[in-house]
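K.L.:
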Amino acid sequence: MAILEIRNLRKVFGSVIANDDVNLSLEAGETHAILGENGAGKSTLIKMISGLYKPDYGQILLNGVEQHFANPREAIIAGIGVVHQHFMLIPALSVAENVVLGSEGGRFLFRKKQAIDNVLRISKELGLPLDPAIKVQDLPVGMQQRVEIVKALYRNARILILDEPTAVLTPQETEELFAVVRRLNQDQIPVIFISHKLDEVREIADRITVMRAGKSVHTMPIADATAKELAQLMVGREVVLETLKTPAQAGEVVLRVENLSVRDDRKTTRVKNVSFEVRTGEIFGIAGVDGNGQTELVEAIVGLRKLEGGKIHFLDKNITSENVSSRIQHGIGYVPQDRQRDGLVLQFTVADNLVLRSVGAKPFSKSGWLQKKSTRANAEKLIKEFDIRPPLEDVQVGSLSGGNQQKVILAREMAREPMLLIAVQPTRGLDVGAIEGIHRHLLSLCEQGKAVLLVSLELEEIMQLSDRIGVMHAGELVTVMDAKAATRESLGLAMTGERVEEGVAP
Amino acid sequence: AAAQKHAAPIGANFKVGLVTDTGGLNDHSFNHLAYVGVLDAHKKFGIKYSVVQSHQSSDYVPNLTTFAQEGYNMVIAVGYLMDSAVQQVSKEYPKTKFLIIDDAITNRKNVMSAIFDTQQCGYLVGVMAGLMNQQKHIPQINGKNVVGVIGGQDIPPVESYMAGFEAGVKKVDPRATVLQAFANSFTDPGTGQQMALAQISQGADIIFPVAGGTGTGVINAAKQKNIFAIGVDANQNYLAPSTVMTSALKGVDVATEIAITDALHNHFKSGVVHFNLANKGVGFAPPIKAVPASVLKKVDSFIPLLVKGKINPPALLSSH
Amino acid sequence: MSVLGLVFSNPELYGSTLAMATPLALGALGGTFSERTGVVNIAMEGIMLIGAFFGVMAAASSHSAWIGLLAGVVAGGLISLALAWPAVRLQSDQVILGMAINLFAAGLTAFLLNTVYGFGGTPISTPQLPQLTIPLLNNIPFVGAVLGQQNVVVYIMILLVIIGHFFLFHTNLGLRMRAVGEHPEAADTVGINVVRIRYFGVLIGGMMSGLAGVYLSIGMLNSFEVNMTDGRGYIALAAMIFGKWTPFGSLGAALLFGFATAVSYSLQNYGVSANLIGILPYALTIVALTGVIGRSKAPAADGLPYEPSK
Amino acid sequence: MSKRTQSLVLPLLAVITGLILGGIIMWVSGYKPINAYVALFQGAFGNSVFIANTIAGAIPLILTSLGIAIAFRTGLFNIGAEGQYWIGAMVGTWIGYNFPHLPWYIHIPFALIGAMVAGGIWGGLIPGLAKAFVGAHEVITTMMMSYIAILIGHFMLERGPMMAPGYNPQSPLVTMSATLPTLVSNSNLSAGIFIAMVAIIVVYLLLFHTTFGYRLRTVGHNPMAAKYAGMNVPLFTIYSLGLSGVLAGLGGAVQIMGVDHQLTDTFSSGYGYTAIVVSLLARNNPIAIFFASVFFSALSTGSQVMQINSGVSPNMTDVITGVIIFFVATDKLYSYFRGKFRRSSKAQSEQKGVSVS
Ligand SMILES: Nc1ncnc2c1ncn2[C@@H]1O[C@H](COP(=O)(O)OP(=O)(O)OP(=O)(O)O)[C@@H](O)[C@H]1O
Ligand SMILES: Nc1ncnc2c1ncn2[C@@H]1O[C@H](COP(=O)(O)OP(=O)(O)OP(=O)(O)O)[C@@H](O)[C@H]1O
Ligand SMILES: [Mg+2]
Ligand SMILES: [Mg+2]
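Chains as they are written, first to last, in the numbering used here: chain A, 74 to 579; chain B, 214 to 533; chain C, 143 to 452; chain D, 72 to 428.
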């Protein structure tokens, strides 16, 4: 008998049918992947299973018994552990506090030592080391995910659900996660694994259910599934999985970074003496495990962070001491890693967000006055060009899905025709269709003779798109190699800090 | 033909409007006393009355105007803050009689200004405090020769009391220290209480609050610490019967009633009318038993001197 | 000795500091409890007034200051529900609600004062909460004069600050409160009842602010005056922020303010202009804030409405 | 209900609910609510002078709450507008009586601009700099600065440099050349209303039709994104608080030059606090601020006549106002109860559905 069975589940938000006749069964010890485009309804399904939403119709059965979770607490008690797509951790609290929150044990007093012991015990069992005393806000996302998993297991989860867990992980971390998943399966704990990444799903899952437009369209054993077929099932059309990259005609130097050193907010040096160049017509990729200084490096280049030392030249001009807005005017585009925090004003309309970085310039303003017509025209054009959905310029950006929010940012930056586009994790959390579109846009920039600095944790993405690849480790640029010469192995090695001498590009 | 039932009270057709300043009727001071005066006139003569408590200073003119417009015979403006408002409205309504408290308007036939020489009653209670301060056998008196006075805010009606008080104390006890402080509020008894405690810790054993609602806190502190307090404006002995040894009286109620009575009987006096010891417009309340007869006698001996102008206490504090 | 020496060596100054700090600390502590669960509370001024008035009223009619205390605290709790309910259930703007409560309370207490007691004020027979004398403490020279003899509410306040700190940072419920104030959705997913916790925080906070009012009316005094809080609720708000939303921080800020106020009273007696010296507490606060304390960060979800799962 | 009708109907419902509850309280305490409300309305709008006074009372509220709204739009809570209002009044008064020989077309702008600059410095420079550079919370700094301003005001008047000759702590009257002409005789309504209207339009255009306003709002909604977009966040913090103070200062000067003509200790009775409520009620929208200000002013002026004609204490107005604001804030109440009603009826029909299947 299935451990968890979903029958004809349905959930409607206003006019949106988020889930419609969804069926799923989860067997003991299996890993069951759910695959689907952005907005297909995966997270909604999970939220119903975990008691956050009440289904409008249908049944949830655990070990054959129908469940009616009134709140998350009841689902937790029933043994359902969830790592949500957007982490449900409290940054200001410690790891231990986060793990035990809501199920602290003891009657009145908070037993700190017991909480710490619990975290240490579980993380040891899983082979995922964690410092229980540190505050979550001081942890990189990969670590935060460990906290989430430990949190679920602390509550004696008998089913673990991971909603897009790998979107934020490095390849190494993904491997560690898979090891945990396999161990859980051995302990007869089944796992639901949600992802957009076909190869990952094929590596870890036993069975796959594909969702499209709120419906579960197909379930099959992993052996039967090809990547092409899965993509087609998801999107409902054929998808080109390999981007055809034409080799770059590298031209003059656009960006030259010399001996750059940067400190983070806590005054520790996170970028050490980094030098490199980016040329017109090329995509320069920066690979590396998260937290090795990429963020600080990029923030320094766009002017958001003061330098500890070094120089930055852009188009032969020393811009080291210039501020963000003059760098924008010189032609640096920037797609930030955290789109909601840095890239958008969620309360503004799509049209207003599309001029966020150029509002002071013509044609969007004339001697200080906003030119609403131009803003609207600009929005209409970009919405069409970048296929932003819904195609309305006056809806609040906050009501758009994450993928469409990302398109807004990309559209805004590309529309300014920057000489250099710095894109950090531009496809994080997006489905194959959307990724395909964004990749195409990046490549088209190069073809127009512009330059791209791409920072990504996804090796595949870096290797697919880049002409040259730099690898960062512990704040240093340990190697720069030609993309053609790069392999998964050589990059992976460099990411651990090994200096790779051969294949260093000039 | 006139109805033959009861003779209608003589004030039945006489309407009095009272406009308070922004302190309102709860001020434990002139607004309240003016109201008491109006009530007394109502009881005596059956006059009709209406009260409006101003919300902000820009309400003064509209409020005075409203009464004048609606045919009120007399409009009472409480406080010097209404000076320019009364000037303006009294000019527009020459038939309406106006009384303004604590202000001196001299150029209007229909305005009476009541000025209270509270430096005189302040002086008398000051004399009493200075004398009491030397009665070391009284348990409340510590022999340190320190008394205190706490003002609500540094404005003339407050300052004249304080200045008179200081002069009175010094007259009978030149070596005495008179502690002075302002609470910067008329509505904060908590602050009053703490200021009083601060003065007590500096040796004060008699404190005279001139601070409206803030003063209730002063009296409370005096009671707690078993020293004496002196009431202000009205007889405040009821607030703490064995603590409030006397009160400096300001006859705003009396003045109000007199003004109404005069107007009612068609001998309204315009111009500035001084209320002082001579016409019993100011004075002090009968002291409690703890005040020895000898002290009272000495205090009383100053009354004729003040009445005759042999002594003219200052209306301004020496620190200014 | 110099004037300042005289002022600063007087133990009464420190006693007065404590007395002046008490309503501010209680108000700030109340605000802290509310805001730690994510409900912005700028209604301390109004809640204090309500507590002060109903404290007096109950004390006067029952002839027991303790019943007055109880009534003031309960009244503070009840009026705070006018903040809690719409904030929690209707996702209403908490700042507007706070202002509404302040206005309502000022009007209501003045109106009731006159309706119930007339313009003469509350009865003088109203009992007052006792001053306590702490036996051993009272005999230590300087300390005794400061700490040995204070109103009972002052000691309650000190206890509440300590308990409040312990509660917020060392109990399960305190942990949950902080979690709700930082990230209600995350708290919801681990089964914490966000609604109930927020009600609890606001209610406890309201009771503490109510106690602040009780202290003003029947702790320091035994009467109620119109608007007798005189802006202390707003100063308490500042103390809460200044104290970085912690109980000890709130107390510290309240003490700083109380100290500056007490000093300003004493200095006046040496002939400094009342208005100018009155600036001292406010100026000192700005200086301390810009010079030493710096940034204070509110709980992350402070003021953000949360709609629980559906 | 469409969004627009909702935004009109809900405040109206709130007002009605507030009036009904206030009526019940009055009735319980022995007054006649209908008479009281008739008097309230008459006092606010009963004749041209009352109407003029109601509009006049709205002027300082409009100006001050426009300032507060700008700060709110930038994510800042200017709780100290009261002090900025005082500072503006002080400077306006000082200029107003000190240059008697200036022609009005120089004197009036001089006084207004002086007040605006002073208010801006008080609200913007000090709290703004403190916020921008050491992160000092603006609620504390603006509040403290406000108390300081009022104390300085009292100091100036009570035997201080601005006291007029004589006993009373009041400033000299501003000269005719610095007086805003009265529009309706026997009323408080001065040409200040034009200044207020212009301010509304200027603030509206500034916020929604200039790049400056766009940037202010960006900073308010998301300072990180503003920084990323190349905006100088600390600078805009200073601008915003500064403008806030400029408008409050202007409000104080206009009130002096149009109505009070001299500064006194009780010059303001908390306009700066009422203005916070006004801007919140108006959801920081400049146009809505006009109506909210008139509404508050009407309650205030009307309550004076209500006292005269029906003896209801003005404190009752505060009670009613508090209740009204409460119901404006709880606009979801109506949909909440409707939802409850629907849910319960839906639950019943669902139960039926289950029993059938
Ligand atoms: N709280 C909500 N209110 C209204 N509509 C919602 C809500 N949550 C989800 N939806 C709707 O449900 C649909 C499914 O959303 P869901 O988050 O489940 O997609 P998803 O498959 O998890 O997408 P992704 O891969 O991007 O995480 C969305 O397109 C949206 O229209
Ligand atoms: N609270 C909400 N209220 C209304 N609509 C919502 C809400 N939350 C989400 N939605 C709707 O759900 C859709 C999907 O939201 P969600 O954040 O889950 O994006 P997503 O499915 O993860 O998409 P993407 O993969 O592009 O990030 C959005 O288009 C939005 O319209
Ligand atoms: Mg999802
Ligand atoms: Mg997504």
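Quick reminder that beta carbons are idealized off the backbone N, C-alpha and C, glycines included.
Please read these numbers as outputs of a predicted model, since none were measured by experiment.
Using a Cβ-Cβ distance cut-off of 8 angstroms, determine whether residue 185 (chain C) contacts chain D.
P.N.:
Chain D, which has no Cβ nearer than 8 angstroms to the Cβ of residue 185 (chain C), makes this no.
K.L.:
Name, going along the chain, the residues of the segment 135–169 of chain A whose beta-carbon falls closer than 9 angstroms to a beta-carbon of chain C.
P.N.:
The residues in question are 144, 145, 146, 147, 148, 149, 150, 155, 157, 159, 160, 161, 162, 163, 164, 165, 166.
K.L.:
For residue 294 (chain C), which residues in chain B fall below 8 angstroms Cβ to Cβ?
P.N.:
Residues of chain B passing the Cβ test: none, with the nearest at roughly 13 angstroms.
K.L.:
Report the neighbours of residue 293 (chain B) on chain D: residues whose CB is nearer than 7 angstroms to its CB, in chain order.
P.N.:
Going along chain D in sequence order, the residues near residue 293 (chain B) (Cβ under 7 angstroms) are 239.
K.L.:
Could you check where the alpha helix (DSSP H) with residue 342 (chain C) kicks off and where it finishes?
P.N.:
Run containing residue 342 (chain C): 336–356, per the alpha helix (DSSP H) assignment.
K.L.:
Is the Cβ of residue 429 (chain A) closer than 8 angstroms to any Cβ of chain D?
P.N.:
Chain D, which has a Cβ nearer than 8 angstroms to the Cβ of residue 429 (chain A), makes this yes.
K.L.:
Nearest chain C C-beta to residue 353 (chain B) closer than 8 angstroms, yes or no?
P.N.:
Residue 353 (chain B) does not count as touching chain C.
K.L.:
Residue 212 (chain D): which of C:192, C:186, C:438, C:371 sits nearest, CA to CA?
P.N.:
Nearest of C:192, C:186, C:438, C:371 to residue 212 (chain D), Cα basis: C:438.
K.L.:
Going by alpha carbons, who is nearest to residue 237 (chain D) out of B:406, B:283, B:258, B:529?
P.N.:
When only C-alpha atoms are compared, the closest one is B:529.
K.L.:
Quick one: Cα of residue 295 (chain A) to Cα of residue 273 (chain A), how far?
P.N.:
Distance between the alpha carbons of residue 295 (chain A) and residue 273 (chain A) is about 11 angstroms.
K.L.:
Assuming residue 148 (chain D) and residue 210 (chain D) are in contact, meaning their beta carbons sit under 8 angstroms apart, how far apart are those beta carbons, in whole angstroms?
P.N.:
Residue 148 (chain D) to residue 210 (chain D), Cβ: 5 angstroms. Contact.
K.L.:
Ignoring anything shorter than 4 residues or poking outside the segment 265–319 of chain D, list the alpha helix (DSSP H) runs there in chain order.
P.N.:
As far as the segment 265–319 of chain D is concerned, its whole alpha helix (DSSP H) runs of at least 4 residues are 282–292, 294–299.
K.L.:
Helix, strand or coil: which one does DSSP assign to residue 442 (chain C)?
P.N.:
Coil at residue 442 (chain C), not helix or strand.
K.L.:
Any idea which residues DSSP pairs residue 395 (chain B) with across the strands?
P.N.:
Answer is B:364, bridged to residue 395 (chain B).
K.L.:
Compare the C-beta of residue 131 (chain A) against all C-beta atoms of chain D and say whether one is closer than 8 angstroms.
P.N.:
Not an interface residue.
K.L.:
Can you give me the Cβ contacts of residue 496 (chain A) inside the same chain, cut-off strictly under 6 angstroms, excluding the 5 residues immediately before and after it?
P.N.:
Once the five neighbours on either side are set aside, the close Cβ partners of residue 496 (chain A) are 408, 527.
K.L.:
Would you list the residues sitting across from residue 545 (chain A) in a DSSP beta bridge?
P.N.:
DSSP lists A:550 as partners of residue 545 (chain A).
K.L.:
Would you mind working out which of D:300, D:113, D:398 sits nearest residue 485 (chain A), comparing C-alpha positions?
P.N.:
Minimum Cα distance to residue 485 (chain A) is reached at D:300.
K.L.:
Counting only the same chain and skipping the five closest in sequence on each side, list residues whose C-beta sits under 7 angstroms from that of residue 324 (chain B).
P.N.:
Contacts found: 299, 303, 311, 313, 318, 483.
K.L.:
Can you pull the chain D neighbours of residue 263 (chain B), defined as C-beta to C-beta under 9 angstroms?
P.N.:
Within chain D, the residues near residue 263 (chain B) are 378, 379, 380, 382.
K.L.:
Who are the near neighbours of residue 282 (chain A) in its chain, counting only those whose CB is closer than 6 angstroms to its CB and skipping five residues on each side?
P.N.:
97, 107, 289, 292, listed in sequence order.
K.L.:
Can you give, in chain order, each stretch of the alpha helix (DSSP H) that sits fully within the segment 236–279 of chain B and has at least 4 residues?
P.N.:
Qualifying alpha helix (DSSP H) stretches, in chain order: 243–258.
K.L.:
Residue range of the beta strand (DSSP E) that residue 458 (chain B) falls in?
P.N.:
457–463 is the extent of the beta strand (DSSP E) around residue 458 (chain B).
K.L.:
Can you look up residue 228 (chain A) in the DSSP assignment and give me helix, strand or coil?
P.N.:
Three-state result, residue 228 (chain A): coil.
K.L.:
Considering only residues of the segment 494–527 of chain A, which uninterrupted alpha helix (DSSP H) runs meet the minimum length of 4 residues and lie entirely inside it, listed in chain order?
P.N.:
Qualifying alpha helix (DSSP H) stretches, in chain order: 505–520.
K.L.:
Would you kindly work out how many angstroms separate the C-alpha atoms of residue 149 (chain C) and residue 337 (chain C), rounded to a whole number?
P.N.:
C-alpha separation (whole angstroms): 50 angstroms.
K.L.:
I'd like the list of long-range same chain contacts for residue 504 (chain A), defined as Cβ closer than 6 angstroms, with 5 residues on each side in sequence excluded.
P.N.:
For residue 504 (chain A), where only same-chain residues beyond five positions count, the Cβ hits under 6 angstroms are 110, 111, 269.
K.L.:
To test your reading of the DSSP string, which unbroken beta strand (DSSP E) runs of 3 or more residues are found completely within the segment 238–267 of chain D?
P.N.:
Those beta strand (DSSP E) runs which fall completely within the segment 238–267 of chain D and span 3+ residues do not exist here.
K.L.:
Taking residue 181 (chain D) as the query, report the chain B residues whose CB atoms sit under 9 angstroms from its CB, ordered along the chain.
P.N.:
Neighbours of residue 181 (chain D) on chain B: none; closest Cβ ~23 angstroms, over 9 angstroms.
K.L.:
Could you work out which residues of chain A lie near residue 313 (chain C), taking near to mean beta carbons separated by less than 7 angstroms?
P.N.:
By Cβ distance, chain A contributes 181, 182, 183.
K.L.:
Please classify residue 216 (chain B): does DSSP put it in a helix, a strand, or coil?
P.N.:
Low per-residue confidence applies at residue 216 (chain B): pLDDT is 45, beneath 50, and the placement is therefore not dependable enough to give any value.
K.L.:
On a CA-only basis, which of D:380, D:138, D:111 is nearest residue 354 (chain D)? Give me that one, please.
P.N.:
Nearest option by C-alpha distance: D:138.
K.L.:
Can you check which of these residues, A:206, A:242, A:215, A:196, is closest to residue 224 (chain A) by C-alpha distance?
P.N.:
Residue 224 (chain A) has its Cα closest to that of A:196, out of A:206, A:242, A:215, A:196.
K.L.:
Using CA coordinates, which residue listed in D:260, D:369, D:321 is at the minimum distance from residue 65 (chain D)?
P.N.:
Any answer about residue 65 (chain D) is impossible in this case: the structure gives chain D only from 72 up to 428.
K.L.:
Within the same chain, show all residues whose beta-carbon is closer than 6 angstroms to that of residue 228 (chain B), passing over the 5 residues directly before and after it, in chain order.
P.N.:
Same-chain partners within the cutoff: 261, 285, 286.
K.L.:
Quick check: what's the CA-CA separation for residue 112 (chain D) versus residue 400 (chain D)?
P.N.:
The alpha-carbon atoms of residue 112 (chain D) and residue 400 (chain D) are separated by roughly 24 angstroms.
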